[in-house]
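Everything on this sheet refers to the single structure shown next.
Residue numbers (UniProt numbering): 1 to 47.
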């Protein structure tokens, strides 16, 4: 159950990431770092 929540959060984060990347190219680098950090926070804490 906790693992499912991790994957669910990943899908949302990925969707936001792709949306922002398609609209702006400047913030994509900062967003990638944010993605990696949020993945670590969500997945390591839940599992």
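All C-beta atoms in this analysis are idealised placements derived from N, C-alpha and C, irrespective of residue type, glycine included.
Compute the Euclidean distance between the alpha carbons of residue i and residue j, then round it to the nearest angstrom.
| i | j | result |
| --- | --- | --- |
| residue 3 | residue 40 | 13 Å |
| residue 38 | residue 10 | 9 Å |
| residue 44 | residue 36 | 12 Å |
| residue 23 | residue 8 | 23 Å |
I believe residue i touches residue j by the beta-carbon criterion, under 8 Å. Please report the beta-carbon distance rounded to the nearest angstrom.
| i | j | result |
| --- | --- | --- |
| residue 6 | residue 29 | Not quite, the Cβ-Cβ distance comes to about 24 Å (not below 8 Å), so this is no contact. |
Compare the Cα-Cα distances from residue i to each of the options and report the closest residue.
| i | options | result |
| --- | --- | --- |
| residue 20 | 10, 9, 32 | 32 |
Just verifying my parser: in three-state terms, what is the DSSP assignment at residue i?
| i | result |
| --- | --- |
| residue 47 | The predicted position of residue 47 is uncertain, since its pLDDT is 47 and thus under 50; a value taken from the coordinates is nonetheless stated next. Three-state DSSP puts residue 47 in coil, outside helix and strand. |
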